[in-house]
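**Student:**
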Amino acid sequence: MVGIRPLVPQDYRAVRELSRSLGRTSAPERFAPGGCLLAAMSEDGRLVGWAKAQWWDPQDPVAPAGYYLGGVEIDPGWRRRGVATALGLARLSWVAQRADAAWCVVNARNTAPLALQRSLGFTLGARAAGFGTVHFTGGAGVLLCRTLQDFAPGDGAHNDKQK
1 MVGIRPLVPQ DYRAVRELSR SLGRTSAPER FAPGGCLLAA MSEDGRLVGW
51 AKAQWWDPQD PVAPAGYYLG GVEIDPGWRR RGVATALGLA RLSWVAQRAD
101 AAWCVVNARN TAPLALQRSL GFTLGARAAG FGTVHFTGGA GVLLCRTLQD
151 FAPGDGAHND KQK
């Protein structure tokens, strides 16, 4: 069982350590301000995953400006236990308070994130070698979109949604 909560500066060291253990270099202190940064915490208070969503304007003719899910990392010992799904649902709920749709870009060869995004209701928007500043290993990426009416707070009205 994990709890999902906002990522705080005290979590940054644990994020960097998790990222390094996965062969990556995430640096949460450099994440864009104003985005959604979430931590997945074990019952004993250990960070077992994190994820973000943020406003992005790729200035791309295909990929629109909007809120994009990205940057999810899960401790290998906690994979296939619903952690990524819980983080995804929490980020979609956060985006739904600000927009009518969420977006993400994924390497077409990366089957696990594609399966996760499909399970969260994302559908294919486009395929390209890159979107904005994101270019894909192997030259194949996908743009995915998820409408968010079912995540809307209250009666589903989308008033005052903006960047």
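According to UniProt numbering, the sequence shown is numbered sequentially starting from 1. For glycine and all other residues, C-beta sits at the position ideal for the given N, C-alpha and C. Remember, predicted model here, so these are calculated numbers, not experimental data.
Need the endpoints of the alpha helix (DSSP H) that G88 sits in, please.
**Tutor:** V83 to A96
**Student:** So, using beta-carbon positions, are V2 and A51 closer together than 8 Å?
**Tutor:** no
**Student:** Mapping DSSP to helix, strand and coil, what is D64?
**Tutor:** According to the sequence provided, residue 64 is Pro. The question's Asp does not apply to it. P64: coil per DSSP, three-state reduction.
**Student:** Which of helix, strand or coil does DSSP assign to A126?
**Tutor:** strand
**Student:** If you draw a straight line from the C-alpha of Q54 to the C-alpha of A32, how long is it?
**Tutor:** 7 Å
**Student:** Can you round the beta-carbon distance between A102 and L148 to whole angstroms, since I take them to be within the 8 Å contact cut?
**Tutor:** 6 Å
**Student:** Classify R13 as buried or exposed, calling it buried when 16 or more other Cβ atoms lie within 10 Å of its own Cβ.
**Tutor:** Flag for R13 reads exposed.
**Student:** Give me the Cα-Cα distance between G121 and C104, rounded to the nearest whole angstrom.
**Tutor:** 12 Å
**Student:** Compare the beta carbon distance of R109 and Y67 with 8 Å and say whether it is the shorter of the two.
**Tutor:** No. Outside cutoff.
**Student:** Three-state secondary structure (DSSP) at S19?
**Tutor:** Of the three classes helix, strand and coil, the one that applies to S19 here is helix, per DSSP.
**Student:** Would you decide whether D11 is buried or exposed? Buried here means 16 or more other CB atoms lie within 10 Å of its CB.
**Tutor:** So D11 ends up on the buried side.
**Student:** Can you name the residues that DSSP bridges to N107?
**Tutor:** G141
**Student:** Pick from G49, G88, A115 and P61: whose alpha carbon is nearest that of D75?
**Tutor:** G49
**Student:** F131 and N107: beta carbons closer than 8 Å?
**Tutor:** no
**Student:** How should Q59 be labelled, buried or exposed, when 16 other C-beta atoms within 10 angstroms of its C-beta is the threshold for buried?
**Tutor:** exposed
**Student:** Since P6 is in the beta strand (DSSP E), which residue starts that stretch and which ends it?
**Tutor:** V2 to P6
**Student:** Could you check the C-alpha separation between K163 and G45 for me, to the nearest Å?
**Tutor:** Here K163 scores only 39 on pLDDT, less than 50, and its place in the model is too uncertain to base an answer on.
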